[in-house]
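**Student:** Dropping a structure here in structure tokens format, bear with me for questions.
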Ligand code: SF4
């Protein structure tokens, strides 16, 4: 057994504690700021951390995602031990591990007999329900304290208060309130710096021949991370994604997260804004920050990230459109999405507003397809467990939505395949923003409530992909065509065919959405022979690409 494992296992011999602080794998806030650690006494209490297989059973998890969680947890636990905390750490491969949070909490309570458990508000409903079980069912424990997460700007209650009574939950209004609350990027009169709340108009450039981005940071892999990489490679041989020590680029500690932040501010931020929506062959990171995994595992403070970017603007090192775009991702979108997740309730993950039931095509697992955009984007996910927000939204989710894939099927894929994935962030981004599935329909198909995150679907054909990338220029499909009979040597782009077929299939619902009025007029005006051609081509594409929707039978 390695020295690291021996140090981690030592806490399993502890025999008493007045209180237990439970820290989950996505709650690695530095000890000085961690609310659960503040709620216990270092000298007489115990910290419980658990690696369990049950997390893998939620669906396939990319090897790099699993390795990152475990490596970050182990580094954190070793730091706590160095700081003098008593840590009961349950390794994934420890013979006594019951492989579930419930089993391990019960075992810890039986061994240590604490009267009190302290935990930070968790990142998903499933764990929240587990915490409620401690209160209900563990008789030895007299008190369970759940403390608010300080590494967000807002709380679920504050979001609920903002949302209550509103007709629609528009991110932009929420974001402006957060700007006012923090004072970020405001002038002395409280008006937005640069004369606008949002500078997206300047942020739509393609990449083309701009200076080469610096590429992902490479950290020295220490023995703790190496041990985890070996463990994941041996234990999860069938899990998706590549993993090896030479290409594992993700920060696993606060110190490394800070290095990535510094590098982003110094080397990427200036160009981040203008090119934030661009996609380019073999450039999956471009000028993006690569901070989302550190933020979502909580070892990096979102306030610090925003304030470092704002400081760069004040020093004249980055333009307002870059800095505002970055601040909006964290202060606006990230907070908003978390608010929606808790506000909408535990059943959100299973919503299916458009009643899509197609299968997830095999290409999402191996990248084997002649559609260049999907091949590039899926390959990036397989190689790095990463793609930035535009490939996620406008290629990977868009394709699934317009082809008619079940939201739960693509939602589970997103949940497992990205290094920064935690339920509160992935589910609303996929089910809500990506799939337009978070509305409710009654049994007769009428709309009970319209989707929450998007007032219209983020659906598109090849036009947008061609504008923002170099994919279409090297693809066998014709990005200008949607008709099968136009040129059989260069068949019509599946995105175009599926896009128009999507509008035709959902014409009854979309024609009631005033934001889609113009588009639906074009559908209504479409000659019937063209409608039929699109429907027939879409059916054959669904069969060819393995979506095989039941609607086609
Ligand atoms: Fe993707 Fe269509 Fe462009 Fe090919 S032509 S890269 S399938 S959008």
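In my numbering, the protein residues as written are 634 to 1186.
Positions of the beta carbon are idealized from the N, C-alpha and C atoms, including for glycine.
(1) Under the assumption that residue 981 contacts residue 1064 (Cβ atoms under 8 Å), give the Cβ distance between them as a whole number of angstroms.
(2) Give a yes or no on whether the C-beta atoms belonging to residue 707 and residue 661 are separated by under 8 Å.
(3) Write down every uninterrupted run of the alpha helix (DSSP H) in the region 637-680 whose length is 4 residues or greater and which is fully enclosed by it, in chain order.
(4) Beta-carbon distances below 5 Å to any heavy atom of the ligand SF4 define the shell here; list its residues in chain order, please.
(5) Count the other CB atoms, across all protein chains shown, that sit within 10 Å of the CB of residue 716; report buried if there are 16 or more and exposed otherwise.
(6) Per DSSP, what kind of secondary structure is residue 845 in: helix, strand or coil?
(7) Under the three-state reduction of DSSP, which class applies to residue 1184: helix, strand or coil?
(8) Just the Cα atoms here: how many angstroms apart are residue 967 and residue 869?
(9) Are the CB atoms of residue 1013 and residue 917 nearer to each other than 8 Å?
(10) Please give the ranges of any alpha helix (DSSP H) in the region 683-757, keeping only runs that are unbroken, at least 4 residues long and fully inside the region.
(11) From residue 1002 to residue 1177, what distance separates their C-alpha atoms?
(12) Inspect the beta-carbon positions of residue 695 and residue 1038 and report whether they are closer than 8 Å.
(13) In chain order, what residues of the same chain lie with their CB nearer than 7 Å to the CB of residue 953, ignoring the 5 residues before and after it?
(14) Counting C-beta neighbours from all protein chains within 10 Å, is the total for residue 1099 16 or more, i.e. buried, or is it exposed?
(15) Just the C-alpha distance for residue 858 and residue 892, rounded to the nearest angstrom, thanks.
(16) What residues are listed by DSSP as bridge partners for residue 779?
(17) Beta-carbon within less than 7 Å of residue 925's beta-carbon, same chain only, minus the 5 sequence neighbours each way: which residues are those?
(18) Please say whether residue 1069 and residue 1087 have beta carbons closer to each other than 8 Å?
(19) Which residues does DSSP pair with residue 1074 in a beta bridge?
(20) Look up residue 1168 in the DSSP assignment and say whether it is helix, strand or coil.
(21) Considering Cα atoms alone, identify which of 723, 704, 654 and 809 is closest to residue 750.
(22) Using the Cα positions of residue 1169 and residue 1115, report the straight-line distance between them to the nearest angstrom.
(23) Hey, out of 958, 665, 666 and 637, whose CA is closest to residue 818's CA?
(24) Indicate the three-state DSSP secondary structure (helix, strand or coil) for residue 1177 in the structure shown.
(25) In whole angstroms, give me the CA-to-CA distance for residue 663 and residue 836.
(26) My parser needs the beta strand (DSSP E) runs of 3 or more residues fully inside the region 1004-1088; what are they?
(27) Go to residue 868, then tell me how far its alpha helix (DSSP H) extends in each direction, as first and last residue.
(28) Rounded to whole angstroms, what is the Cα-Cα separation between residue 998 and residue 1010?
(29) Is the beta carbon of residue 1084 closer than 8 Å to that of residue 932?
(30) Quick one: Cα of residue 812 to Cα of residue 937, how far?
(31) Going by beta carbon distance, what residues of the same chain come within less than 6 Å of residue 1024, once the five residues before and after it are set aside?
(32) On a CA-only basis, which of 927, 1173, 849 and 650 is nearest residue 887? Give me that one, please.
(33) Does the beta-carbon distance from residue 753 to residue 669 come in below 8 Å?
(34) Return the Cβ separation of residue 644 and residue 720 in integer angstroms, given the expectation that the two are a contact with Cβ distance under 8 Å.
(35) Residue 1105: which of 1141, 1082 and 1006 sits nearest, CA to CA?
**Tutor:** Short version:
(1) 6 Å
(2) no
(3) Counting only runs of 4 or more, we get 668-671.
(4) Near the ligand SF4, meaning a beta-carbon closer than 5 Å to one of its heavy atoms, we find 1004, 1005, 1006, 1095, 1098, 1104, 1105, 1108, 1110, 1112, 1126 and 1128.
(5) exposed
(6) coil
(7) With a pLDDT of only 49 at residue 1184, under the threshold of 50, the placement of this residue in the model should not be trusted, and no figure is reported.
(8) 31 Å
(9) Yes.
(10) 696-715 and 734-745
(11) 11 Å
(12) no
(13) 826, 827, 832 and 946
(14) buried
(15) In this structure, the alpha-carbon of residue 858 lies about 17 Å from that of residue 892.
(16) Residue pairing from DSSP places residue 779 in a beta bridge opposite 752.
(17) 1053
(18) Cβ atoms of residue 1087 and residue 1069: closer than 8 Å.
(19) 1080
(20) helix
(21) Here the closest residue by C-alpha is 654.
(22) Each residue's Cα considered, the two are about 11 Å apart.
(23) Minimum Cα distance to residue 818 is reached at 958.
(24) In this structure, residue 1177 counts as helix in the three-state DSSP scheme.
(25) 34 Å
(26) 1080-1082
(27) 856-868
(28) 11 Å
(29) no
(30) 15 Å
(31) 912 and 1010
(32) 927
(33) yes
(34) 5 Å
(35) 1006
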